[in-house]
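A.B. asks: Pasting in a structure now, in structure tokens, and then I'll have a few things to ask.
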Amino acid sequence: MKRRVYEALQKHIDHPIVLEKPKDKNFGHYATPIAFSLAKVLRRNPMQIAEELAEKLREEEMFEKVDALKGYVNIKLSQNFLNDYATWALEHEEAFGKGDNGQSVLLEFVSANPTGPLHIGHARGAVWGDVLARIGTHVGCRIEREYYVNDAGNQIYLLGLSVYLAGREAVLGLDVEWPEEYYRGEYILDLAREAVEALGQEMFMDEGFIPEIAEWAKERMLELINRNLADVGIFFDHYVSEKSLYEKWDEILTKLAEAGAVYEKDGKWWLKSTEHGDEKDRVVVREDGRPTYLAGDIIYHYLKFERGYDHYINIWGADHHGYIARVKAAIAFFGYDPQKLEIILSQMVSLLKGGEPYKMSKRAGNFILMQDIVQEIGADALRFIFLTKKSDTHLEFDIEDLKKEDNSNPIYYINYAHARVFSLFEKAGKEQKDVVRVSLNGLGEDAYDLLFTALILPEVLEDAFESRQLQKVTDYLKYLAGLYHKFYYDNRVIGTPYEEKLLKLSAMVALSLRVGLKMLGITAMKKM
């Protein structure tokens, strides 16, 4: 609808247009302050310009009312327009809200170290990335999802060492000396038991086999991670191994040197990241000649940009904030636009159960497992709650609240509104096809407020994607469900002269709830 209003304004104005929603619904559905911008160009009174523009817009059939007020132009859509749009939406559910953004995007998210199961912090970034991809695809982007497998460096060897020692001690009954740093938790014991059976006891008699045990354990962890993600409907198009990238390091280092991006000092190679806003230069090659973790990031992002997407999005944990400037500096040295790389930070989650801190998982050692929470509250509730706040803000919730069957549980409240519509149709003995062509003209203002709210879902989706504020979708769904529940209590439907009109209106509400939930990876319930 917003696009249609914008196009109608463009017929009369050759100037960038801003459309807003008035805080007071009595002013209309949309408002524009365009007269103030034009006043500077035309050197005329904005109120006079607004009045002249309102006069022209009153000729548009899609507008029921257009008023000029203190320089603003307020617009109310016609009943015919809202009815026709609702009819189209109900007849074209798959197309409702779809856009033509046209941008190609490479989205990297989760990318958790394959050294343990996914914890609740990983889950937030996983859900957020998945929903960003779903909404982005719906509004017309070509989005590809990528998982960067951190399978290089000491953490993989440490995984192998932990499994090796656990196998010797817990499975073979041998005495071992545990180092200060190793991976803990029952999952390590489970891996050790599997590894002894799959690889043989001989592998646990010689430390020289630790790298092979580490590789085997890494693959098992990746399988577990992918199962955890699949349980909540999250999948990837590509996987990139960090370990495989280092084969290209000499080539990449040469490119950096040719660009004047690196220098040697104290036996190390440094990236001149301060030239592009970093607080200090960063080491990319250690004194012993081994590339640093940053080197892997540099190779990975060079190869990303070589693939030629319009935009690149990384969802990182908040603890990676310091890496943003240095990675963007490397991109700039390669001659690419670092503004094409967008980093979205995901803050950690605090979990309660009945008002008390949720207990850590024995299987995981010292964190809360994603799969445990999914088993307690289900994938739908997990998805919804992780999307109720901006990703870079702290999130705390009590899982007991998400088990309640009342309006304190948002996913229940929204699903109940959707199921309520299907119950109405069942009681009326009708189907959506029976009312889809019924005219909605003649209903009261409350009905049109509800209809307009249901029809703005496409704008909500587009705004949520462009602003990267996915909580706008969950806020909208809660608001629409609340509006419908109130309307339902205030208006009798079955057996009234307006039955078919109100059924069509209800169907439109259900459609928006259903499509909105689908964007969140949730299937709306028809019965409660």
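So the number in the numbering used here is just where the residue sits in the sequence shown, counting from 1, plus 2.
Just so you know, even glycine gets a beta-carbon here, dropped at the ideal spot from N, CA and C.
Since we're looking at a predicted model, the values are computed, not measured.
My assumption, with CB atoms under 8 Å, is that Leu347 sits in contact with His313. Please give the rounded CB distance.
C.D. replies: Along the sequence shown, read from residue 1 onward, the residue named residue 347 stands at position 345. Along the sequence shown, read from residue 1 onward, the residue named residue 313 stands at position 311. With 8 Å as the limit, Leu347 and His313 do not qualify as a contact, their Cβ atoms being about 17 Å apart.
A.B. asks: Given that a residue counts as buried once 16 or more other Cβ atoms are within 10 Å of its Cβ, and exposed if not, what is Leu305?
C.D. replies: Taking the sequence shown and counting its residues from 1, one reaches residue 305 at position 303. By the 10 Å Cβ count, Leu305 comes out exposed.
A.B. asks: Would you please state the rounded distance, in angstroms, between the beta carbons of Val1 and Leu504? I believe it to be under 8 Å.
C.D. replies: Coverage of the chain is limited to positions 3 through 530, which leaves residue 1 absent and any answer about it impossible.
A.B. asks: Within a Cβ cutoff of 6 Å, which residues of the same chain sit near Pro460, ignoring the five residues on either side of it in sequence?
C.D. replies: Against the sequence shown, residue 460 aligns to sequence position 458. Result list for Pro460: Gly99, in chain order.
A.B. asks: List the endpoints of the continuous alpha helix (DSSP H) containing Ala420.
C.D. replies: As a position in the sequence shown, residue 420 is number 418, starting the count at 1. Per the sequence shown, the amino acid found at residue 420 is His instead of Ala. Taken as a continuous stretch (DSSP letters only), the alpha helix (DSSP H) holding His420 covers Pro412 to Ala430.
A.B. asks: Determine the direct distance from the alpha carbon of Lys406 to that of Ala419, and round the result to whole angstroms.
C.D. replies: Taking the first residue of the sequence shown as position 1, residue 419 is located at position 417. Taking the first residue of the sequence shown as position 1, residue 406 is located at position 404. Their Cα atoms are separated by approximately 16 Å.
A.B. asks: Assess, as a yes-or-no matter, whether the region 198 to 215 is touched by the region 231 to 241 under the definition of 3 or more beta carbon pairs within less than 8 Å.
C.D. replies: no
A.B. asks: Quick check: the Cα distance between Ile387 and Val133, rounded to an integer number of angstroms?
C.D. replies: Position 385 of the sequence shown, counting from 1, holds the residue named residue 387. Position 131 of the sequence shown, counting from 1, holds the residue named residue 133. Take the alpha-carbon of Ile387 and the one of Val133: they are about 12 Å apart.
A.B. asks: Ignoring anything shorter than 3 residues, give me the beta strand (DSSP E) runs that lie fully in the region 232 to 290, in order along the chain.
C.D. replies: Listed in chain order, the beta strand (DSSP E) elements of length 3 or more contained wholly in the region 232 to 290 are 240 to 243, 264 to 267, 270 to 273 and 284 to 287.
A.B. asks: Compute the beta-carbon to beta-carbon distance between Asn371 and Ser363, rounded to the nearest angstrom, for a pair I have assumed lies under 8 Å.
C.D. replies: In the sequence shown, counting from the first residue as 1, residue 371 sits at position 369. In the sequence shown, counting from the first residue as 1, residue 363 sits at position 361. According to the sequence shown, residue 371 is Leu rather than Asn. With a Cβ gap of about 4 Å, Leu371 and Ser363 count as contacting.
A.B. asks: Buried or exposed for Leu513, please, with buried defined as at least 16 other CB atoms from any protein chain shown within 10 angstroms of its CB.
C.D. replies: Position 511 of the sequence shown holds residue 513. Answer is buried; the Cβ neighbour count reaches 16.
A.B. asks: Can the beta-carbon of Leu519 be found less than 9 Å from the beta-carbon of Asn417?
C.D. replies: Within the sequence shown, numbered from 1, the residue matching residue 519 stands at position 517. Within the sequence shown, numbered from 1, the residue matching residue 417 stands at position 415. Result yes, Cβ atoms of Leu519 and Asn417 sit closer than 9 Å.
A.B. asks: Express the C-alpha separation of Glu66 and Ile15 in angstroms, rounding to a whole number.
C.D. replies: By 1-based counting over the sequence shown, the position of residue 15 is 13. By 1-based counting over the sequence shown, the position of residue 66 is 64. Each residue's Cα considered, the two are about 20 Å apart.
A.B. asks: List the DSSP bridge partners of Asn316.
C.D. replies: The residue you call residue 316 lines up with position 314 of the sequence shown. Looking at the DSSP assignment, Asn316 forms a beta bridge with Glu110 and Ile345.
A.B. asks: Cβ of Glu61 less than 9 Å from any chain D Cβ?
C.D. replies: Checking the listed chains, one finds no chain D in this structure; it contains a single protein chain.
A.B. asks: Over what stretch of residues does the beta strand (DSSP E) that includes Val173 continue unbroken?
C.D. replies: Along the sequence shown, read from residue 1 onward, the residue named residue 173 stands at position 171. Where Val173 is concerned, there is no enclosing beta strand (DSSP E), given that its DSSP letter is neither H nor E.
A.B. asks: Drop a sphere of 10 angstroms on the beta-carbon of Pro293, count the other beta-carbons inside from all chains shown, and report buried for 16 or more, exposed for fewer.
C.D. replies: Reading the sequence shown from its first residue, position 291 is the one you call residue 293. Per the 10 Å Cβ criterion, buried.
A.B. asks: Which of the three DSSP states is assigned to Ile19 in this structure?
C.D. replies: As a position in the sequence shown, residue 19 is number 17, starting the count at 1. Looking at Ile19 - three-state DSSP - the assignment turns out to be coil, as it is neither helix nor strand.
A.B. asks: With burial defined as no fewer than 16 other Cβ atoms inside 10 Å of the residue's Cβ, what is the status of Thr256: buried or exposed?
C.D. replies: Counting from one through the sequence shown, the residue named residue 256 turns up at place 254. Thr256 is exposed by the Cβ-count criterion.
A.B. asks: What residue from Phe467, Gly73 and Ala449 has the CA that sits closest to Met521's CA?
C.D. replies: Within the sequence shown, the letter at position 519 stands for residue 521. Ranking the options by Cα distance to Met521, first place goes to Phe467.
A.B. asks: Got a sec? Which residues, its chain only, sit under 7 Å from Ala526 by beta carbon, not counting five neighbours each side?
C.D. replies: Numbered from 1 along the sequence shown, position 524 holds the residue referred to as residue 526. Cβ within range, chain order: Asn417, His420, Leu515, Arg516 and Leu519.
A.B. asks: Taking buried to mean at least 16 other C-beta atoms within 10 Å of its own C-beta, is Met530 buried or exposed?
C.D. replies: What you label residue 530 is simply residue 528 of the sequence shown in a count that begins at 1. Exposed is the call here.
A.B. asks: Report the rounded CA-to-CA distance for Ile326 versus Glu249, giving the unit in angstroms.
C.D. replies: Taking the sequence shown and counting its residues from 1, one reaches residue 326 at position 324. Taking the sequence shown and counting its residues from 1, one reaches residue 249 at position 247. Each residue's alpha carbon lies about 24 Å from the other.
A.B. asks: Does the structure place the region 448 to 456 close enough to the region 68 to 88 that three or more beta carbon pairs sit under 8 Å?
C.D. replies: yes
A.B. asks: Distance check for Val242 and Arg328, CA to CA, integer angstroms please.
C.D. replies: Taking the sequence shown and counting its residues from 1, one reaches residue 328 at position 326. Taking the sequence shown and counting its residues from 1, one reaches residue 242 at position 240. Whole-angstrom Cα-Cα distance: 21 Å.
A.B. asks: For Ala483, is the classification buried or exposed, using 16 other Cβ atoms within 10 angstroms of its Cβ as the cut-off for buried?
C.D. replies: Translated into the one-based positions of the sequence shown, residue 483 becomes position 481. Looking at its Cβ environment, which holds 16 or more other Cβ atoms inside 10 Å, Ala483 is buried.
A.B. asks: Going by DSSP, name the residue or residues bridged to Lys78.
C.D. replies: In the sequence shown, counting from the first residue as 1, residue 78 sits at position 76. Beta-bridge pairing links Lys78 to Lys67.
A.B. asks: Leaving out five residues on either side along the sequence, give the residues of the same chain with a beta carbon under 6 Å from the beta carbon of Glu344.
C.D. replies: Working through the sequence shown from its first residue, we reach residue 344 at position 342. Once the five neighbours on either side are set aside, the close Cβ partners of Glu344 are Ile315.
A.B. asks: By alpha-carbon positions, which one of Val141, Met510 and Gln12 ends up nearest to Glu95?
C.D. replies: As a first step, residue 95 must be located in the sequence shown, where it is residue number 93. Checking every option, the nearest Cα to that of Glu95 belongs to Met510.
A.B. asks: Could you spell out where the alpha helix (DSSP H) holding Val43 opens and where it closes?
C.D. replies: For the purposes of this step, residue 43 is identified with residue 41 of the sequence shown, where counting begins at 1. Ile36 to Leu44 is the span of the alpha helix (DSSP H), which, as asked, contains Val43.
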